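For reference, the structure is listed below as structure tokens.
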Amino acid sequence: MRRLLAGSRKDYLLLAVVGALTVGLWWLPTGFEERLPADALQVKARVVAVDNAHVRQYGLVREGEQRVTAEALSGPLAGEKIVADNILVGKLEMDKLFAPGDTALLVLSLRGGKVVSAVAQDHWRLGLQGLLLAIFALALIAYAGMTGVKAMVSFIFTALLLWKVLVPLTLAGVDPMLSVLGVTAALMAAIIFLVGGTNRRAMAAYLGSLGGVAVTCLLSLATAPGFALPGAVKPFAETLLYTGYAHLDLGRMFLATICLGASGAIMDVAMDVAASQGEVVAHHPEIGRMGLCLSGLRVGRVVVGTMATTLLLAYCGGSLALLMVVMAQGVPLTNVATMPHVAAEIANTLVGSFGLVTAAPLTAVAGSLLLAKRQ
Numbered sequence: 363m364r365r366l367l368a369g370s371r372k373d374y375l376l377l378a379v380v381g382a383l384t385v386g387l388w389w390l391p392t393g394f395e396e397r398l399p400a401d402a403l404q405v406k407a408r409v410v411a412v413d414n415a416h417v418r419q420y421g422l423v424r425e426g427e428q429r430v431t432a433e434a435l436s437g438p439l440a441g442e443k444i445v446a447d448n449i450l451v452g453k454l455e456m457d458k459l460f461a462p463g464d465t466a467l468l469v470l471s472l473r474g475g476k477v478v479s480a481v482a483q484d485h486w487r488l489g490l491q492g493l494l495l496a497i498f499a500l501a502l503i504a505y506a507g508m509t510g511v512k513a514m515v516s517f518i519f520t521a522l523l524l525w526k527v528l529v530p531l532t533l534a535g536v537d538p539m540l541s542v543l544g545v546t547a548a549l550m551a552a553i554i555f556l557v558g559g560t561n562r563r564a565m566a567a568y569l570g571s572l573g574g575v576a577v578t579c580l581l582s583l584a585t586a587p588g589f590a591l592p593g594a595v596k597p598f599a600e601t602l603l604y605t606g607y608a609h610l611d612l613g614r615m616f617l618a619t620i621c622l623g624a625s626g627a628i629m630d631v632a633m634d635v636a637a638s639q640g641e642v643v644a645h646h647p648e649i650g651r652m653g654l655c656l657s658g659l660r661v662g663r664v665v666v667g668t669m670a671t672t673l674l675l676a677y678c679g680g681s682l683a684l685l686m687v688v689m690a691q692g693v694p695l696t697n698v699a700t701m702p703h704v705a706a707e708i709a710n711t712l713v714g715s716f717g718l719v720t721a722a723p724l725t726a727v728a729g730s731l732l733l734a735k736r737q
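Each residue of the sequence shown is one higher than the one before, counting from 363 in my numbering.
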């Protein structure tokens, strides 16, 4: 009981530390806040009227300008009517049309406290996003109890670490691979030790995760010349060059995204194997290191088999429209597989799967050394 209470105190201490770091990350400046004009203001507004007289329809594409009259719901201008512009550029994925009753995000430019220009940036989605996050948190906590609380803290910590640390470091010119490795090591430690507890089981999962991510990064570097993929294959990568960051190495950024994208699945595999080994030791304390290692390897085979397919489904889901386009045009499968966007997803799936295959046996070995008693 005393050891259990000591472990619990360690877990609560870690939860407090990660919670404090999360609060600190929330208020941590990224260094890019000053890029916005000092007189810019963002407000939530309800659309009360629209003018589509200057909107032109060409088949499926719209161009022109929509005039939006909206009532500000937040900020110092709450209650005032604001006329904003909604510029249509002829791209379905970027254009939007507002209707009376919609809630919009307005970006205002002020001078002397008065609005000199206003743009209807997009639909207001924060309310629904916050509601879904709250429902998810409540459901997770109701099912998992304190483990659910730890999972939510690690979830928020990971999101802030990526936004507040990884993205600014990469924009500042730090090598993307080094940035991803450092950030991934930190977030995996927070997630695994928060959810799994500060114990040897979590340590085994963490060591296996680090090994799997390391293999993924090394393999991505080794196979990069063979794939010969341009770094601009990812969405908005080329746009980044035109916004004043032409010095960035998009190729290294693409390789870093492979490691980052596979890290979550690798961590899941490692935790599954370590957790199964922990249960085996709890029910059969007499099992030796070799027996525990073999048990972990057997579990790892099953987990890896499904997680590799999970990566395939995740990446194919993001490229389903592209696959439909090329099939509709009768493009041969050989041509499809060599297309840059498709080849990039193939690289993500295959290289990430190598990390999964490596993480399982590494975790099994680490778990056998850390969890089993010496015979």
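Each residue gets a CB set at the ideal place from its N, CA and C atoms; glycine is no exception. Since we're looking at a predicted model, the values are computed, not measured.
Check the Cα spacing between W486 and each of E395, C621, R408, A637: the tightest is with R408.
Going by beta carbons, R651 and A734 fall inside the 7 Å limit.
For T465, same chain residues with a beta-carbon under 6 Å away, outside a window of 5 residues either side, are R408, W486 in chain order. Going by beta carbons, A521 and T578 fall outside the 7 Å limit.
In this chain, the beta strand (DSSP E) harbouring G426 covers 423 to 434.
In the DSSP assignment, S479 is bridged to S471.
Taking 8 Å as the upper bound for CB-CB distance, L556 and V515 are in contact here, some 6 Å apart. Under the DSSP assignment, L403 falls in the beta strand (DSSP E) whose first and last residues are 402 to 420. In this structure, A480 lies near L470, with their beta-carbon atoms less than 7 Å apart. Straight through space, the alpha carbons of A534 and T605 are spaced by roughly 13 Å.
For the 7 Å CB-CB criterion, F460 and V412 form a contact. D611 carries a coil assignment under DSSP once its states are collapsed to helix, strand and coil.
Taking C-beta separations shorter than 7 Å and ignoring five residues to either side along the sequence, the partners of V666 in its chain run V631, L718, V719, A722, following chain order. D457 has its alpha-carbon roughly 29 Å from the corresponding atom of L610. Comparing C-alpha distances from A548 to each of L383, A683, L685, A594 shows the shortest one belongs to L383. A straight line joining the alpha-carbon of G573 with that of A627 spans about 13 Å. The shortest C-alpha to C-alpha distance from K406 to any of T431, L468, P391 is the one to L468. Across the structure, L603 and A594 are spaced so that their CA atoms are roughly 9 Å apart. For I518, the closest C-alpha among the options L569, A552, S436 is that of A552.
In this structure, the beta-carbon distance from V575 to T546 falls below 7 Å.
For T465, the pairing in a beta bridge is given by DSSP as R408. Three or more beta-carbon pairs separated by less than 8 Å are not found between the stretch 390 to 405 and the stretch 423 to 430, which leaves the two stretches without contact.
A contact is defined here as three or more CB-CB pairs under 8 Å, and the stretch 581 to 591 meets this definition with respect to the stretch 693 to 710. Bounds of the alpha helix (DSSP H) holding A548 are 538 to 558. Residues of the same chain with a CB within less than 8 Å of the CB of G680, apart from the 5 flanking positions on each side, are E707 in chain order. Considering only V688, T672, G729, T696, the residue with the shortest C-alpha distance to N710 is T672. Contact check for V713 against L622 fails: the beta carbons are separated by 7 Å or more. For the pair A446 and A400, the CB atoms are not nearer than the 7 Å cut-off. If you check the CB distance, A608 and G658 do not come in under 7 Å.
Taking the Cβ atoms as the reference, D373 lies roughly 41 Å from G613, outside the contact range of under 8 Å.
Linking D634 to S571 through their CA atoms gives a straight-line distance of about 11 Å. Pairing A618 with P538 gives a Cβ-Cβ distance under 7 Å. In the displayed model, D457 falls within coil according to three-state DSSP, outside both helix and strand. C678 has its alpha-carbon roughly 25 Å from the corresponding atom of W525. Looking from the CA of R563, the closest CA among A506, G510, V642 belongs to V642. In this structure, Q639 is the residue among L454, G544, Q639 with its C-alpha nearest to the C-alpha of N561.
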